[in-house]
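Since the structure comes first, as structure tokens, the remarks are kept for the end.
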Amino acid sequence: MLHILPPTLRGILASTLLGANIAFWAALLFLLTLIKLLLPVQRIRLALGRALAWIGEGWISCNKAWMDMVQRTRWHVSGGERLRKDASYLITSNHQSWVDILVLQYQLNRRIPLMRFFLKKELLFVPVMGLAWWALDFPFMKRYSKAYLAKHPEKRGKDLETTRKACAKFRQIPVAITNFLEGTRFTQAGHDAQQSPFRHLLKPRAGGIAFVIDAMGEQLKTLVNVTIHYPDGRPSFWDLLCGRMKQVVVRLEEIQIPRQFLGRNYEQDAQYRAEFQRWVNQLWEGKDALLAQLHQQFPASRKA
Numbered sequence: 007m008l009h010i011l012p013p014t015l016r017g018i019l020a021s022t023l024l025g026a027n028i029a030f031w032a033a034l035l036f037l038l039t040l041i042k043l044l045l046p047v048q049r050i051r052l053a054l055g056r057a058l059a060w061i062g063e064g065w066i067s068c069n070k071a072w073m074d075m076v077q078r079t080r081w082h083v084s085g086g087e088r089l090r091k092d093a094s095y096l097i098t099s100n101h102q103s104w105v106d107i108l109v110l111q112y113q114l115n116r117r118i119p120l121m122r123f124f125l126k127k128e129l130l131f132v133p134v135m136g137l138a139w140w141a142l143d144f145p146f147m148k149r150y151s152k153a154y155l156a157k158h159p160e161k162r163g164k165d166l167e168t169t170r171k172a173c174a175k176f177r178q179i180p181v182a183i184t185n186f187l188e189g190t191r192f193t194q195a196g197h198d199a200q201q202s203p204f205r206h207l208l209k210p211r212a213g214g215i216a217f218v219i220d221a222m223g224e225q226l227k228t229l230v231n232v233t234i235h236y237p238d239g240r241p242s243f244w245d246l247l248c249g250r251m252k253q254v255v256v257r258l259e260e261i262q263i264p265r266q267f268l269g270r271n272y273e274q275d276a277q278y279r280a281e282f283q284r285w286v287n288q289l290w291e292g293k294d295a296l297l298a299q300l301h302q303q304f305p306a307s308r309k310a
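Here the sequence shown is numbered in my numbering, starting from 7 and rising by one per residue.
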């Protein structure tokens with residue numbers, strides 16, 4: 007509908023729709039969260055938790071609606087035919103732009119449980135959205151650097167303990183935990199600085215998903231390995247709002263998490279750590295090869 011308008015006007019209208027969407031769903035979310043806090047009965051809390059997840063899915067569906075209104079994106083998607091809403095998943099993807107999150111939600115919403123991302127604790131203080139993520143039970147983590155741990159050894163293991171506590175509330179429900187293995191968005195400068203051995207990817211940080219697998223145990227059996235390619239270059243969030251995202255390629259691969267990884271301790275078991283890092287690097291080698299293929303298969307759109 008809005009795709010016939012000039013890009014800047016589309017961006018302004020899409021921003022307005024996005025803001026209205028946030029205000030509407032956040033109000034419902036905060037109301038139910040308040041009721042959940044005031045009624046600490048387990049059965050009621052579980053029912054309200056399902057209602058909150060439904061609100062989250064409705065929020066994402068409305069995001070999909072305005073995305074469709076501002077642009078006619080061509081989606082090239084394959085894989086994921088066996089995904090179910092009643093199963094738990096660990097999801098990872100290459101990371102190029104903030105738009106990746108909306109791409110994942112666009113393709114996976116209501117096909118799997120509500121996607122929850124591990125977030126830095128500082129994001130809890132983002133106006134409105136920080137409280138919304140908290141209300142939707144997004145796990146917040148405070149990671150410590152090696153330099154910090156060297157000075158404060160008493161903090162060693164606290165990040166894993168925090169992960170376990172964050173994941174404990176998902177024990178009774180299907181869940182989809184999402185983690186970007188690269189840890190940050192791909193840039194050529196970042197790629198060069200870390201001397202990544204991959205052409206299209208930063209080095210993967212295996213510890214993040216190892217902690218999740220350790221914390222969730224038998225509940226997580228499947229990794230959804232997502233590969234995203236933007237033939238016309240990495241879009242910014244403003245590009246998305248302005249309807250400049252002409253085509254997106256998404257590949258979904260379901261991989262069984264090796265059973266020998268369950269019940270192990272990534273921090274304390276050196277042999278397991280080496281095995282896990284080798285497994286993750288193999289995933290990344292395959293993803294890098296796939297991205298090289300997708301760059302050839304899906305060239306940039308012709309400019310009008």
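Even glycine gets a Cβ: it sits at the ideal position worked out from N, Cα and C.
Since this is a predicted model, take the numbers as computed values, not measurements.
Exercise. Expressed to the nearest angstrom, what Euclidean distance is found between the alpha-carbon atoms of residue 35 and residue 138?
Worked result: 7 Å
Exercise. Any chance the stretch 46–57 sits against the stretch 220–237, with 3 or more Cβ pairs inside 8 Å?
Worked result: no
Exercise. In whole angstroms, what separates the C-alpha of residue 64 from that of residue 107?
Worked result: Per the coordinates, the alpha-carbon of residue 64 lies some 16 Å from the alpha-carbon of residue 107.
For this session: Taking the CB atoms as reference points, tell me whether residue 77 and residue 240 lie closer together than 7 Å.
Result: Not in contact: residue 77 and residue 240 (Cβ atoms no closer than 7 Å).
For this session: In the DSSP assignment, find the unbroken alpha helix (DSSP H) run with residue 65 in it and report its ends.
Result: 48–76
Problem set entry | For residue 269 and residue 20, the rounded distance between their alpha carbons | 46 Å
Problem set entry | From 135, 179, 279, 207, residue whose alpha carbon lies closest to that of residue 191 | 207
Problem set entry | Beta-carbon spacing of residue 251, residue 182 below 7 Å | no
For this session: Check each candidate in 287, 273, 249, 288 and name the one with the smallest Cα separation from residue 4.
Result: Given a span of 7 to 310 for the chain in the structure shown, any question on residue 4 remains unanswerable.
For this session: Out of 256, 307, 236, point me to the one whose CA is closest to residue 86's CA.
Result: 256
Problem set entry | residue 130 to residue 299 span [Cα, whole Å] | 39 Å
Exercise. Sorted by chain position, which residues of the same chain lie with C-beta nearer than 7 Å to residue 112's C-beta, five sequence neighbours on each side aside?
Worked result: 70, 73
Problem set entry | Endpoints, the alpha helix (DSSP H) within which residue 93 is located | Taken as a continuous stretch (DSSP letters only), residue 93 belongs to no alpha helix (DSSP H), as it is neither H nor E.
Exercise. Got a sec? Which residues, its chain only, sit under 7 Å from residue 41 by beta carbon, not counting five neighbours each side?
Worked result: 54
Exercise. Quick one: what does DSSP say residue 99 is sitting in, helix, strand or coil?
Worked result: Of the three classes helix, strand and coil, the one that applies to residue 99 here is strand, per DSSP.
For this session: Measure from the alpha carbon of residue 262 to the alpha carbon of each residue in 226, 158, 9, then state which is nearest.
Result: Minimum Cα distance to residue 262 is reached at 226.
Exercise. Can you check whether the CB of residue 124 is closer than 7 Å to the CB of residue 4?
Worked result: What the structure shows of the chain is the stretch from 7 to 310, and residue 4 is not part of that stretch, so it cannot be assessed.
Exercise. Can you tell which of 289, 173, 25 has its C-alpha closest to the C-alpha of residue 260?
Worked result: 289
For this session: Return yes when the Cβ of residue 134 is within less than 7 Å of the Cβ of residue 246, no when it is not.
Result: Residue 134 is positioned such that its CB atom lies no closer than 7 Å to that of residue 246.
Exercise. Taking Cβ to Cβ, would you say residue 295 is nearer than 7 Å to residue 237?
Worked result: no
Exercise. Is the distance from the Cβ of residue 218 to the Cβ of residue 81 below 7 Å?
Worked result: no
Exercise. Helix, strand or coil: how does DSSP classify residue 260 here?
Worked result: strand
Exercise. Given residue 278, which residues of its chain have a CB within under 6 Å of its CB, disregarding the five upstream and five downstream residues?
Worked result: 270
Exercise. At which residues does the alpha helix (DSSP H) containing residue 27 begin and terminate?
Worked result: Segment 13–44, the alpha helix (DSSP H) holding residue 27.
Exercise. On the three-state DSSP scale, how would you describe residue 271?
Worked result: coil
For this session: Can you say whether residue 126 is buried or exposed, counting buried as having 16 or more other CB atoms within 10 angstroms of its CB?
Result: exposed
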